[in-house]
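Novice: Handing you a structure now.
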Amino acid sequence: MFTNKLLTLVLVVQPGRVLLGMKKRWFGAGKWNGFGGKVQPGETIEEAARRLFLPENCRRKVASQWMHKIGNITFEFIGETELLDTHVFRADNYNGEPTESDEMRPQWFDSDKIPFGQMWVDDILWFPLMLQKKFFGYFKFQGHDLIIDHKLEEVEKLYDRLLASDSFILYQRAFPHCCLPETSLEKYCRIPTDSSYPCSYSVPRNPQVFVNLQTLCCQ
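In mature numbering (1 follows the signal peptide of the UniProt record, and there is no 0), the protein residues as written are -21 to -1, 1 to 198.
What follows is the structure, given as structure tokens:
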């Protein structure tokens, strides 16, 4: 049985350059990445993205329209029962001064000099989409450096939908503000009695078929 950890990732993009942070500790230490973390119970994905972006960077109020959702990536690590459900945002109108924190050291990189050799190995695959399109993604890792399976799908618009695929992993939930009808979810999953989030779905009824419920909030 898989559990699901809901995360956000904010990437700051300006003409000709991208802001990344060197992770100084904990998961992903030693790698350049965007800015984000875990969504807390009671807050929306967008609220979490802004909350986690501000203390790690400019510590100033960022207008919500400056940051828009561009993707959703599910990460699976072999041997782990927790899936990382990462909602990716892009901030195009950031004008603050990057500030180093205990966890992240920010630095601007030219768009043609992004340090992929010091980043998660999946980044080089989906970063081009991040700069141009919206997308769904799935990556299956062995350890932290070897991808053994992945899928990427470009989309014109992020919307709630159900994708069933043998190679995709069971993916959770629909938050109350999402638009996918519960009846669609119930065809494939049962509702756990001890869920961390309202409307959290897990465990495929047919264990031979893993279902990826790509439930993004309607924009």
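Heads up, the beta-carbon is just placed ideally off N, CA and C, and yes, glycines get one too.
Is the distance from the Cβ of Phe6 to the Cβ of Ile57 below 8 Å?
Specialist: Position 27 of the sequence shown, counted from the start, is the residue given in the question as residue 6. Position 78 of the sequence shown, counted from the start, is the residue given in the question as residue 57. It is not a contact, given that the beta carbons lie outside the stated cut-off.
Novice: Taking the CB atoms as reference points, tell me whether Ile52 and Thr65 lie closer together than 8 Å.
Specialist: Stepping through the sequence shown from its first residue, residue 52 is reached at position 73. Stepping through the sequence shown from its first residue, residue 65 is reached at position 86. Yes. Within cutoff.
Novice: In terms of alpha-carbon separation, which member of Trp11, Asn(-18) and Leu31 lies closest to Phe106?
Specialist: Residue 106 sits at position 127 when you count from the first residue of the sequence shown. Nearest C-alpha to Phe106: Trp11.
Novice: Return the Cβ separation of Ser90 and Val(-4) in integer angstroms, given the expectation that the two are a contact with Cβ distance under 8 Å.
Specialist: Locating residue 90 in the sequence shown gives position 111, where the first residue counts as 1. Locating residue -4 in the sequence shown gives position 18, where the first residue counts as 1. 6 Å between Cβ atoms; contact.
Novice: Give the list of continuous beta strand (DSSP E) stretches no shorter than 3 residues that lie fully inside the segment 76 to 121.
Specialist: Whole beta strand (DSSP E) segments, 3+ residues: 83 to 89 and 113 to 121.
Novice: Where does the unbroken beta strand (DSSP E) through Asp124 begin, and where does it stop?
Specialist: Here residue 124 corresponds to residue number 145 of the sequence shown, with the count starting at 1. Where Asp124 is concerned, there is no enclosing beta strand (DSSP E), given that its DSSP letter is neither H nor E.
Novice: To which residues does DSSP link Thr(-19) through a beta bridge?
Specialist: As a position in the sequence shown, residue -19 is number 3, starting the count at 1. The partner list for Thr(-19) (beta bridge, DSSP) reads Glu61.
Novice: Roughly how many angstroms separate the alpha carbons of Arg39 and Leu31, rounded to a whole number?
Specialist: Sequence index remark: in the sequence shown, residue 39 carries index 60 (1-based). Sequence index remark: in the sequence shown, residue 31 carries index 52 (1-based). Since pLDDT at Arg39 reaches only 49, below the 50 mark, its modelled position is unreliable, and no value is offered.
Novice: For Tyr73 and Glu26, I'd like the C-alpha separation in whole angstroms.
Specialist: Numbered from 1 along the sequence shown, position 94 holds the residue referred to as residue 73. Numbered from 1 along the sequence shown, position 47 holds the residue referred to as residue 26. Distance between the alpha carbons of Tyr73 and Glu26 is about 17 Å.
Novice: Can you say whether Pro160 is buried or exposed, counting buried as having 16 or more other CB atoms within 10 angstroms of its CB?
Specialist: For the purposes of this step, residue 160 is taken as the residue at position 181 of the sequence shown. With a pLDDT of 40 at Pro160, under the threshold of 50, the modelled position of this residue cannot be trusted; read the value that follows with caution. Exposed.
Novice: In chain order, what residues of the same chain lie with their CB nearer than 6 Å to the CB of Met98, ignoring the 5 residues before and after it?
Specialist: Mapped onto the sequence shown, residue 98 falls at position 119. Lys10 and Trp11.
Novice: State the Cα-Cα distance for the pair Leu131 and Phe114, rounded to the nearest angstrom.
Specialist: Translated into the one-based positions of the sequence shown, residue 131 becomes position 152. Translated into the one-based positions of the sequence shown, residue 114 becomes position 135. One C-alpha to the other measures close to 7 Å.
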